[in-house]
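Peer 1:
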Amino acid sequence: MRHWADRLVGCLLVCMLLLAALPAHAAGFADALQHFVADDFSETEAGIAEVAASGDRMAAPVLSALQDGRLLFSAADKTVFMKDESDRLLDAATGRPVAGAGPADLDTVRINNRLRRALDGALGALTLLAPDAGRRFDAAQAVFKSRDENVLPTLDRAIDKETNSRVKAAMLQARAAITLGSADATEADQTAAVAVIRARGDQDALNLLSGLPADSPPAVQRAARDAVASIQHGLAMWDGVQNIWYGLSLGSVLLLAAIGLAITFGVMGVINMAHGEMVMIGAYVTFVVQEIIRTRNPALFDYSLAIAVPLAFLVAGGIGIVIERTIIRFLYGRPLETLLATWGLSLILQQAVRTGFGPNNREVGAPSWMSGAFELGQITITYNRLWIICFSLVVFVALIALLRFTRLGLEMRAVTQNRAMAAAMGIATARIDALTFGLGSGVAGLAGVALSQIDNVSPNLGQGYIIDSFMVVVFGGVGNLWGTLVGALSLGIANKFLEPFAGAVLGKIAILVLIILFIQKRPRGLFALRGRAVEA
Amino acid sequence: MTQSFLARSLDRGGTAFLVVLGAIAILVPVLNLLVPATSALHLPTYLMSLFGKYVCYALLALAIDLIWGYCGILSLGHGAFFALGGYAMGMYLMRQIGARGVYANPVLPDFMVFLNWPELPVYWYGFEHFAYAALMVLLVPGVLAFVFGWFAFRSRVTGVYLSIITQALTYALMLGFFRNNFGFGGNNGLTDFKDILGFNVQAEGTRAALFAASVVALMIGVIICRAIVASKFGKVLIAIRDAEARTRFLGYRVESYKLFVFTLSACMAGVAGALYVPQVGIINPSEFAPANSIEAVIWVAVGGRGTLTGAVIGAVLVNYAKTYFTSGALAPYWLFLLGALFIAVTLALPRGIVGTLRHWQSERRSRMAASAPAPDVAPRPAE
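As structure tokens, then:
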């Protein structure tokens, strides 16, 4: 198949170059190869051009061999050889293996930077006709950057043949880039080229248009200036979109980390400093699940996260219930003491994991459906971030539904609003407390599964998020999950928008200062509970 | 009668405590400097520096006890004030290095030469004078605490909210000080000190003087705190701790009381940091780490909050345990122990060591008083 396609390409080239017949074409390739024997840079350059133009099926392998320093020649025999990847010696003209060690005076054909550029262009042109659309696209992009006028005939042929619209657009842009740089293109052609490049609208287009030679016609310059302005405008917009995307991604992580905290704080008035360690435990559950799958049944690897999600919830939630039963329930009504005790607990959990799993980062792999990325306009969207946003929203909706439509949720809300009254109505508040704490910790475990995909799984994993999650809870207000959602997303987006101006660290400081100031206005957060519960 | 008796005995306890501190301030340098190195009683210099470190921590704990034990403000960011005082002192010490640095620049500290800074930043001006640096040791933490407290207390941020915001404060400062362009040496902080007031910081005599100065500072801190908590002002603080809303309704401006005591406490923490730095020989941004501030709170909890002496004892005990554990084969277990300490103290010993002892004492007295003729339980009139 491949062979056949190469042949076809070769034939087409032959026709275009008006070479008479097949033998002649073969001779042309052999002649072109002779340039490499001279051991002279300008001869080699001529050789590259002729080989590229010959259309022989060996042209691309020979050029890439030259690029990699695998092309050899014998000055005495006037023959050219190449080595393939496994170091076999091949005849460059035919591609057949050579018996024996070849001539004694074999020497590498030397290249310099100028030749490397020529080679890039020539190889780009050759792959413009490759059967694989992805390779053709890459080749068009390479030509766009190299702007080598010699490629133009090949490019035109490729454009005529091209059926894939995306590849064709890239080729047309490459052609426009060449036209723009060419001295003998007409003013009208160049103005049209500016329009084509303007439509491309990315950083490369911007560089190309703003680097236009000073002697280009005024009309072209004017068009280019307009185009630069419009591209910059477009890029600024995409920058904004990208910041929002990054912000949403960060916000969804914060949401996952903070939402469990908000539940426990809302219902029990308890600040759980060990919350970050629950996240860490969730991440380690993912690690353990993946390890077991790796050793027992690698085929299940793509399902590892689906298995880890309920397990992490159960493990972290179970630990949470144990903590509530053994420590926290003795500290109700003493929030500051609870804070200290849970901090101590976080130290113990961290050290326990450090002892059990070692202090180093653990490798947690991404299943195939979470790796990779796709382009949307000028931004790249990675699948893992996208899935994490979806996951956090699902968790959020599930929690809202649980609070609104289940018996447990009803009782939790009752205890949040008025503990004494809820107890008087027959709600077992102690049981609700334990379940709430378990639920909050379980959600933290879920956050750990998600974070294992984008962060280092180490005993310190949770610490990095705990202060940010507190900020979210303080900002959003307690007792209302919508506050947590709005708080997390707005903090995430604000963070990413401040970063370009202030840098990552100063952006973070600015956010902290803003929150401190915000607390002045609304001491109980965005979505504060009203009424008597406030003073409780 | 019982209460005045109690107050008198407390005073006696306080005096005894001060006497013990004074004795330590004299005895430790004497054992180090005057007793020959061959004698069994000789105190090695490294131990004296270690004790000096504990004393600085004790002063920090005292500052936390003043606001937490008597006013109910749990600051999880007091390490920030400690570190700021330390940085102010460190800046003075950096300027004293002069041309003896690696790059031999008479004005710029080494790290600025290394970062190609053309001249000294404005906020480093004046730090070559000890008096100015000493003023800054009090002023920088004090002003920060005043501004922060003014915002926080005025809008009635209390309880865990305040704790978390103070934690965020120290976290933000840590992030800032880690940056090179903040002008405080970035990651490495300030170190390689040579002289303080013309004396070599490494010399035994200087170290002894620093130790004595730390103990004296601690004594002054204890006296100030005791004066405050024993006064009518202190009673209002306790009232705020126990029933903030009620105190406000009685007509006290709660936020002013809190602001004053918070600022004072920050200044004390700053002094502690300033004395800590020359004895340890380095100050870097990790001093701002929120974990440090929380650890300082547990010193107070272990010793007993609202007791002042307990804070000092707790700081020394916990830090001695830390030194003991982290310097040997037991190092991996230190965090287990520290964590367990947090939990055990809050669950089993909420009054702390000193508080529990006092509680026993007063219970025994009230039992004895109960067997005696009826005690006078009427509250003392406000003086």
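From first to last, the protein sequence lines stand for chains A and B.
Going by my numbering, the first residue of the first sequence is number 1, and it counts up by one from there.
Going by my numbering, the first residue of the second sequence is number 537, and it counts up by one from there.
C-beta: ideal position from N, C-alpha, C; glycine also.
Compare the C-beta of residue 691 of chain B against all C-beta atoms of chain A and say whether one is closer than 7 Å.
Peer 2: Yes, because at least one Cβ of chain A sits closer than 7 Å to the Cβ of residue 691 of chain B.
Peer 1: Checking contacts by CB at 7 Å: is residue 475 of chain A closer than that to chain B?
Peer 2: Judged by the 7 Å Cβ criterion, residue 475 of chain A is not in contact with chain B.
Peer 1: Any idea if residue 877 of chain B is buried or exposed, counting beta-carbon neighbours within 10 angstroms, 16 or more meaning buried?
Peer 2: It is buried - the Cβ of residue 877 of chain B has at least 16 other Cβ atoms within 10 Å.
Peer 1: From which residue to which residue does the beta strand (DSSP E) around residue 373 of chain A run?
Peer 2: Where residue 373 of chain A is concerned, the enclosing beta strand (DSSP E) stretches over 373-376.
Peer 1: Name the DSSP beta bridge partners of residue 74 of chain A, please?
Peer 2: BP columns for residue 74 of chain A point to A:79 and A:106.
Peer 1: Determine whether the beta carbon atoms of residue 643 of chain B and residue 656 of chain B lie at a separation below 7 Å.
Peer 2: Going by C-beta atoms, residue 643 of chain B is nearer than 7 Å to residue 656 of chain B.
Peer 1: Taking 8 Å as the threshold, find out whether the segment 62-77 of chain A comes into contact with the segment 111-126 of chain A through three or more Cβ pairs.
Peer 2: Counting Cβ pairs under 8 Å, three or more are found: they touch.
Peer 1: Shortest alpha-carbon distance to residue 854 of chain B belongs to which of B:554, B:593 and B:578?
Peer 2: Looking at the Cα atoms, B:593 is the closest of the given residues.
Peer 1: Use the C-beta contact count for residue 287 of chain A: other C-beta atoms within 10 angstroms, 16 or more gives buried, fewer gives exposed.
Peer 2: By the neighbour-count rule (16 or more Cβ atoms within 10 Å), residue 287 of chain A is buried.
Peer 1: Residues in its own chain within less than 8 Å of residue 357 of chain A by CB, not counting five upstream and five downstream?
Peer 2: Once the five neighbours on either side are set aside, the close Cβ partners of residue 357 of chain A are 284, 287 and 459.
Peer 1: Got a sec? Which residues, its chain only, sit under 8 Å from residue 327 of chain A by beta carbon, not counting five neighbours each side?
Peer 2: Once the five neighbours on either side are set aside, the close Cβ partners of residue 327 of chain A are 341, 342 and 345.
Peer 1: Do the segment 824-833 of chain B and the segment 602-615 of chain B meet, that is, are 3 or more Cβ pairs less than 8 Å apart?
Peer 2: The answer is yes - the segment 602-615 of chain B touches the segment 824-833 of chain B, with three or more Cβ pairs under 8 Å.
Peer 1: According to DSSP, what are the bridge partners of residue 362 of chain A?
Peer 2: Answer is A:457, bridged to residue 362 of chain A.
Peer 1: Rounded to the nearest angstrom, what separates residue 793 of chain B and residue 769 of chain B at their Cα positions?
Peer 2: If I take the Cα positions, the gap works out to 8 Å.
Peer 1: Spatial neighbours of residue 378 of chain A within its chain, please: CB distance less than 6 Å, with the 5 preceding and 5 following residues excluded, ordered by chain position.
Peer 2: If we look at residue 378 of chain A and ignore the five residues flanking it on each side, its Cβ neighbours are 202 and 238.
Peer 1: For the segment 220-263 of chain A, which segments carrying the beta strand (DSSP E) assignment without a break, of at least 3 residues, lie completely within its bounds, in sequence order?
Peer 2: Fully enclosed beta strand (DSSP E) runs of 3 or longer: not present.
Peer 1: What ranges does the alpha helix (DSSP H) occupy inside the segment 748-799 of chain B, keeping only unbroken runs of at least 4 residues that lie completely in it?
Peer 2: The qualifying runs are 768-778 and 780-785.
Peer 1: Scan the segment 808-894 of chain B and note each continuous alpha helix (DSSP H) run of 4 residues or more that stays entirely inside, going in chain order.
Peer 2: Runs of the alpha helix (DSSP H) inside the segment 808-894 of chain B: 826-839, 845-862 and 870-884.
Peer 1: Which residue wins for smallest C-alpha separation from residue 892 of chain B, given the options B:863, B:846 and B:856?
Peer 2: It is B:846.
Peer 1: By how many angstroms is the C-alpha of residue 188 of chain A removed from the C-alpha of residue 218 of chain A?
Peer 2: Cα to Cα, residue 218 of chain A sits roughly 12 Å from residue 188 of chain A.
Peer 1: Which class does residue 381 of chain A belong to by DSSP, given the choice of helix, strand or coil?
Peer 2: DSSP places residue 381 of chain A in strand when its eight states are reduced to three.
Peer 1: Taking the alpha carbon of residue 413 of chain A as the reference point, which residue from A:60, A:262, A:192 and A:139 has its own alpha carbon closest?
Peer 2: Among A:60, A:262, A:192 and A:139, the Cα nearest to that of residue 413 of chain A belongs to A:262.
Peer 1: Please report whether the beta-carbon of residue 920 of chain B lies at a distance below 7 Å from any beta-carbon of chain A.
Peer 2: Coverage of chain B is limited to positions 537 through 919, which leaves residue 920 of chain B absent and any answer about it impossible.
Peer 1: For residue 233 of chain A, count neighbouring Cβ atoms within 10 angstroms of its own Cβ and tell me buried if that reaches 16, exposed if not.
Peer 2: Exposed.
Peer 1: Closer than 7 Å, CB to CB, is residue 715 of chain B near chain A or not?
Peer 2: Closer than 7 Å to some Cβ of chain A, the Cβ of residue 715 of chain B qualifies, so yes.
Peer 1: Pick out the complete alpha helix (DSSP H) segments inside the segment 145-232 of chain A, 4 residues or longer, and give them in chain order.
Peer 2: If we require 4 residues or more, the alpha helix (DSSP H) runs fully inside the segment 145-232 of chain A come out as 152-161, 165-181, 187-200 and 203-210.
Peer 1: Could you give the DSSP three-state label for residue 557 of chain B: helix, strand or coil?
Peer 2: In this structure, residue 557 of chain B counts as helix in the three-state DSSP scheme.
Peer 1: Just mark residue 29 of chain A as buried or exposed, buried being the case when its beta carbon has 16 or more other beta carbons within 10 Å.
Peer 2: The residue in question, residue 29 of chain A, is buried, as its Cβ has 16 or more Cβ neighbours within 10 Å.
Peer 1: Are the segment 758-768 of chain B and the segment 595-614 of chain B touching, with three or more C-beta to C-beta distances below 8 Å?
Peer 2: A contact exists between the segment 758-768 of chain B and the segment 595-614 of chain B.
Peer 1: Under 8 Å by Cβ, that's how I've got residue 82 of chain A and residue 61 of chain A pegged, so tell me the actual separation to the nearest angstrom.
Peer 2: About 7 Å; that satisfies the 8 Å criterion.
Peer 1: Thinking just about the alpha-carbon of each residue, which of A:518, A:524, A:521 and A:500 is nearest to the one in residue 244 of chain A?
Peer 2: The shortest Cα separation from residue 244 of chain A among A:518, A:524, A:521 and A:500 belongs to A:500.
Peer 1: Between the beta-carbon of residue 484 of chain A and the beta-carbon of residue 259 of chain A, is there less than 7 Å?
Peer 2: Yes, they are a contact pair.
Peer 1: What first and last residue would you give for the alpha helix (DSSP H) that runs through residue 339 of chain A?
Peer 2: Its alpha helix (DSSP H) spans residues 335-357.
Peer 1: Need the endpoints of the beta strand (DSSP E) that residue 91 of chain A sits in, please.
Peer 2: Counting along the chain, the beta strand (DSSP E) containing residue 91 of chain A begins and ends at 89-91.
Peer 1: Return the first residue and the last residue of the alpha helix (DSSP H) that residue 591 of chain B is part of.
Peer 2: Residue 591 of chain B -> alpha helix (DSSP H) spans 581-607.
Peer 1: Below 7 Å between beta carbons: does that hold for residue 808 of chain B and residue 579 of chain B?
Peer 2: Taking 7 Å as the Cβ cut-off, residue 808 of chain B and residue 579 of chain B do not qualify as a contacting pair.
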